[in-house]
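Undergrad:
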Amino acid sequence: MAKVTVVGAGKYGSMTALKIAEYDLADQVVMTDIVEGLPQGLALDINQSRYVEGFSTKLFGTNNYEDTADSDIVVITAGLPRKPGMSRMDLLEVNAGIVTDVTENILKHSKNPIIVVVTNPLDQMTTLTAKVSKLSKNRVIGQAGVLDSSRFAYFISEKLDVNISKVEALTLGSHGETMVPVPSLCKVDGKPLVDLLSSEEINDLVQRTSDGGAEIVSLLKTGSAYFAPASSAATMVKAMLSDSDEIFPVCAWVDGEYGINDVYLGVPAKLGADGVSEIVQYNLTDVEKDALLDASKAVKQKVAELDSI
Ligand code: APR
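2 is the number of the first residue of the sequence shown in my numbering; add one for each residue after it.
1. If you measure between the beta carbons of residue 105 and residue 76, is that distance less than 9 Å?
2. Any heavy atom of the ligand APR closer than 8 Å to the beta-carbon of residue 146?
3. Please state whether DSSP places residue 190 in a helix, a strand or coil.
4. I want to check one thing, is the minimum distance from the CB of residue 63 to the heavy atoms of the ligand APR below 8 Å?
5. Anyone know if the C-beta pair for residue 319 and residue 294 falls short of 9 Å?
6. Would you say the beta carbon of residue 31 is closer than 8 Å to some non-hydrogen atom of the ligand GTP?
7. Have a look at the DSSP bridge pairing and note the partners of residue 269.
8. Closer than 8 Å: is that where the CB of residue 78 sits relative to any heavy atom of the ligand APR?
9. Going by DSSP, which residues form a beta bridge with residue 62?
10. Apart from the five residues on each side of it in sequence, which residues of its chain come closer than 8 Å, Cβ to Cβ, to residue 203?
11. Output needed for residue 274: all residues of its chain with C-beta closer than 7 Å, excluding positions within five of it in sequence on either side, in chain order.
12. As a quick exercise: from 214, 231, 229, pick the residue whose alpha carbon is nearest that of residue 223.
13. By DSSP's criteria, residue 279 is part of a beta bridge. Which residues make up the other side?
14. Quick one: any contact between the region 252–270 and the region 49–57, if contact means 3 or more CB pairs under 8 Å?
15. Of the choices 25, 26, 150, 17, whose alpha-carbon is the least far from that of residue 33?
16. Cβ of residue 143 versus every heavy atom of the ligand APR: is any distance shorter than 8 Å?
17. Heavy atom of the ligand APR less than 8 Å from the Cβ of residue 38, yes or no?
18. Please specify which runs of the beta strand (DSSP E), each continuous and at least 3 residues long, are wholly inside the region 206–260, giving them in chain order.
19. Please classify residue 286 as buried or exposed, where buried requires at least 16 neighbouring CB atoms within 10 angstroms.
20. State the Cα-Cα distance for the pair residue 101 and residue 140, rounded to the nearest angstrom.
21. Cα separation between residue 59 and residue 109?
22. Leaving out five residues on either side along the sequence, give the residues of the same chain with a beta carbon under 7 Å from the beta carbon of residue 186.
23. Could you say if the region 141–150 and the region 221–236 meet the contact criterion of at least three C-beta pairs nearer than 8 Å?
24. Report whether the distance from the Cβ of residue 34 to the nearest heavy atom of the ligand APR is below 8 Å.
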């Protein structure tokens with residue numbers, strides 16, 4: 002059975018660890034954090050829910066990377082969350098330091114893990130993790146599109162007053178300003194979204210999706226969203242633990258697909274036991290293809306900023 006490590010036992014990390022444990026696909030979920038007692042206390046609390054929930058996966062809390070040894074999958078959530086008025090870019094410098102430190106420590110004890118990155122700013126942190134870890138690119142994946150698509154699906158279901166199970170929604174591109182919605186592939190009860198809502202109405206939903214994290218940050222005042230983000234990261238881990246090859250929009254290394262090269266970008270990808278097994282090329286409209294290309298250029302520019310810090 003597999004071992005999963007979640008680095009960062011804050012809101013996002015602990016909720017992700019709980020969800021992964023409840024899937025009952027791993028032998029052990031290790032939570033680690035720099036705060037003494039925090040991962041240990043949370044692990045104890047979650048372990049005490051096992052009897053009620055009926056799952057066997059054991060939680061282990063630690064401040065020591067030796068306990069993460071031989072992890073199959075590592076989820077990096079360590080970092081500062083956004084504060085009201087703060088952009089993801091403001092987080093770049095501080096979180097780059099944290100993610101570099103975490104990645105180096107993980108690789109000392111696990112030779113060939115799959116790493117899922119959720120720390121913001123997402124595209125840069127995923128690129129940085131791949132660079133620092135030197136793992137093969139299919140084993141380093143960022144979480145963004147699963148969350149953005151889920152937010153988009155929720156807003157569509159509310160707007161049309163339909164059960165969310167009837168909605169298919171997809172966003173690609175970068176997390177944040179250059180998110181690329183794909184209305185041509187969004188459906189409600191099998192009907193194209195573009196036949197159900199005007200382009201103005203779709204644009205409003207897209208805007209709310211793109212601002213989805215910020216809207217929650219401004220309501221919470223301290224901390225950022227973590228329920229839907231944790232569901233998204235845990236779902237990716239579940240697909241890899243069960244080698245499902247299911248398709249998710251994730252931040253993956255793009256090397257020629259969609260006419261785009263050498264960049265971590267939100268694209269549809271199959272997730273299996275080795276991470277990304279294939280980047281799936283959907284038929285996008287010309288507008289959507291151009292938006293994806295623009296997003297790739299924006300991400301490349303942001304990644305270049307990493308070299309200056
Ligand atoms: N090593 C391990 N853990 C660390 C480190 C480090 N070097 N630096 C910080 N942490 C831990 C903190 O101690 C804290 O417990 O990361 C945790 C972050 O938790 P929260 O502050 O609750 O933040 P959270 O909401 O979980 O968000 C984490 O996900 O969505 C992104 O933008 C968000 O980058 C942020 C990350």
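Virtual Cβ for every residue (Gly too), placed ideally from N, Cα, C.
TA: This is what the structure holds:
1. By one-based count along the sequence shown, residue 105 stands at place 104. By one-based count along the sequence shown, residue 76 stands at place 75. In terms of Cβ geometry, residue 105 and residue 76 do not form a close pair [threshold 9 Å].
2. Within the sequence shown, numbered from 1, the residue matching residue 146 stands at position 145. No, the ligand APR has no heavy atom inside 8 Å of this Cβ.
3. Walking along the sequence shown from the start, residue 190 turns up at place 189. DSSP places residue 190 in the coil class of the three-state scheme, outside both helix and strand.
4. Taking the sequence shown and counting its residues from 1, one reaches residue 63 at position 62. Checking every heavy atom of the ligand APR against the Cβ of residue 63, none is found closer than 8 Å.
5. Residue 319 is absent from the model: the chain starts at 2 and stops at 310.
6. Absence of the ligand GTP from the depicted structure is noted, with the ligand APR being the only ligands included.
7. Translated into the one-based positions of the sequence shown, residue 269 becomes position 268. Residue 269 is bridged to 250.
8. Along the sequence shown, one-based indexing puts residue 78 at 77. Yes, the ligand APR has a heavy atom inside 8 Å of this Cβ.
9. For the purposes of this step, residue 62 is taken as residue 61 along the sequence shown, with counting starting at 1. Beta-bridge pairing links residue 62 to 32.
10. On the sequence shown, position 202 is the one that residue 203 refers to. So the qualifying residues of the chain are 182, 184, 194, 195.
11. Here residue 274 refers to the residue found at position 273 when the sequence shown is read from its first residue. Contacts found: 241, 244.
12. Looking up residue 223 in the sequence shown gives position 222. Among 214, 231, 229, the Cα nearest to that of residue 223 belongs to 214.
13. Residue mapping note: residue 279 aligns to position 278 of the sequence shown, counting from 1. BP columns for residue 279 point to 271.
14. no
15. Position 32 of the sequence shown, counted from the start, is the residue given in the question as residue 33. With distances taken between CA atoms, residue 33 lies nearest to 17 out of 25, 26, 150, 17.
16. Numbered from its first residue, the sequence shown carries residue 143 at position 142. No, the beta carbon of residue 143 sits no closer than 8 Å to any heavy atom of the ligand APR.
17. Within the sequence shown, the letter at position 37 stands for residue 38. Every heavy atom of the ligand APR is 8 Å or more from the Cβ of residue 38, so no.
18. Segments of the beta strand (DSSP E) lying fully in the region 206–260: 247–255.
19. Taking the first residue of the sequence shown as 1, we reach residue 286 at position 285. Residue 286 is exposed by the Cβ-count criterion.
20. Reading the sequence shown from its first residue, position 100 is the one you call residue 101. Reading the sequence shown from its first residue, position 139 is the one you call residue 140. Answer to the nearest angstrom: the Cα atoms are 16 Å apart.
21. Stepping through the sequence shown from its first residue, residue 59 is reached at position 58. Stepping through the sequence shown from its first residue, residue 109 is reached at position 108. Roughly 23 Å between the two C-alpha positions.
22. Here the question's residue 186 lines up with position 185 in the sequence shown. Excluding positions up to five away in sequence, the list reads 171, 283.
23. yes
24. Within the sequence shown, the letter at position 33 stands for residue 34. Because some heavy atom of the ligand APR lies under 8 Å away, the Cβ of residue 34 counts as near it: yes.
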